[in-house]
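Here is the structure we will look at.
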Amino acid sequence: MRDGLGDRAIPYLLIAPAVIALAVTVGYPILYNVYISLFDWNILDSDAPEQLIGLGNYSAILADPGFLHSLGVTAGFTILAVGIEFVLGLSLAMLVNEQIYGRRLIRTFLVAPVMATPIVVGLIFKVLWHAEFGVVNYFLSLVGLGPVHWLSDPSTAFIALLITEVWHNTAFVFLVLLGALQMIPAEPYEAAIVDGASLVQRFRYVTLPLLRPAILVALLFRLVFTIRLFDEVWALTRGGPQSATETISILIYKAAFEQFRMGYAAALSILLLGLTAVLALVLIRVLYRSEPT
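When you line the sequence shown up against full-length UniProt numbering, it's residues 1 to 293, in that order.
Spelled out as structure tokens, the structure:
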């Protein structure tokens, strides 16, 4: 009986260090954020939160036009970025999955962007988008266009940021879907060909259903990381011009480190965490439903 009890305890003992590490590095910061979000705390006035206001920060956020604007920017940017990355990633994965000449070289070039850190990508593209010295405007000038003030014009800053994000992260979707495509057996395609299915029908009724779990995994990761995007936005525009690219993450940073409203910033971060968690849980539920029974 002792041996049985010891055997059952071994798995819990093995995962205990990881659980403790997560509790310390993730759980405690979240709980502390919840705690300080209940205070009207400006770090210029005091070293610790003192004035308890309950849910006052949350009600102020929901009534703040700046938050509603940032929420709209974040939602629009996330939908466009994730949608474009998915379409491009799937198209490139299907192309490279075919027996085409030089596909290994193509795959190497496609994977390269995802290896760069977001802040490095942001700084590189800040030079590329420069109105006077940027490469983009140089090529536009060759065809008689430009110069375009990509990062200082509200009508183009969002587009420049979107293109930068898509270039950087399409490779992730590509890798996930390419791996899934290479695991699909040939038998379903052979059966579809025998039944007279066209190329479009094979894609719709064979490829997409078998790719569905991988698609949802790719969308889940891209959704979570795009919603909380900060590095590239800060490097390129710092949320400007005229708040055209001010996502919720940028709003949190400005509230905490420019206005020093730590309680307000903590409440913003909790709302962002809750929004991300809800969307992630919805996608995970869809993912489990897609698994064959």
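Positions of the beta carbon are idealized from the N, C-alpha and C atoms, including for glycine.
| Check | Outcome |
| --- | --- |
| Residue burial classification, residue 118 (beta-carbon count within 10 angstroms, cutoff 16) | buried |
| First and last residue of the uninterrupted alpha helix (DSSP H) at residue 147 | Taken as a continuous stretch (DSSP letters only), residue 147 belongs to no alpha helix (DSSP H), as it is neither H nor E. |
| Inter-residue spacing [alpha-carbon to alpha-carbon] between residue 145 and residue 218 | 37 Å |
| Residues near residue 289 by beta carbon distance below 8 Å, same chain, minus five either side | none |
| Candidates 69, 51, 18, 25, of which the one nearest residue 263 by Cα | 51 |
| Straight-line Cα distance separating residue 126 from residue 297 | The structure shown does not extend to residue 297, since the chain is modelled only from 1 to 293, so the question has no answer here. |
| Helix, strand or coil at residue 52 according to DSSP, with G and I counted as helix | strand |
| Burial state of residue 222, where buried means 16 or more other Cβ atoms lie within 10 Å | buried |
| Pair within 9 Å by beta-carbon distance, residue 157 and residue 236 | yes |
| Integer-rounded CB distance, given that residue 232 should sit under 8 Å from residue 121 | 6 Å |
| Cβ-heavy atom distance, residue 26 to the ligand NAP, below 8 Å | Looking at this structure, you won't find the ligand NAP or any other ligand, since it has none at all. |
| The segment 163-179 / the segment 94-112 touching (three or more Cβ pairs under 8 Å) | yes |
| Beta-carbon proximity list for residue 80, same chain, < 7 Å, skipping 5 on both sides | 162 |
| Residue 36 versus residue 128 - alpha carbon distance | 41 Å |
| Cross-strand partners of residue 42 (DSSP beta bridge) | 261 |
| Cα-Cα separation between residue 194 and residue 200, rounded to whole angstroms | 15 Å |
| Simplified DSSP assignment, three categories, for residue 94 | helix |
| Own chain residues within Cβ distance below 6 Å of residue 88, not counting five before or after | 170 |
| 7 Å Cβ shell around residue 270 - same chain, five flanking residues per side excluded | 33, 34, 37 |
| Outcome for residue 103 when other beta-carbon atoms lying within 10 angstroms are tallied against a minimum of 16 | exposed |
| Selection from 59, 164, 130 that minimises the alpha carbon distance to residue 39 | 59 |
| Beta-carbon spacing of residue 277, residue 265 below 9 Å | no |
| Cα-Cα separation, residue 238 to residue 230 | 9 Å |
| Pairwise C-alpha distance: residue 11 and residue 72 | 45 Å |
| Terminal residues of the alpha helix (DSSP H) in which residue 180 lies | 154-182 |
| Whether residue 248 touches residue 216 by CB criterion (9 Å) | no |
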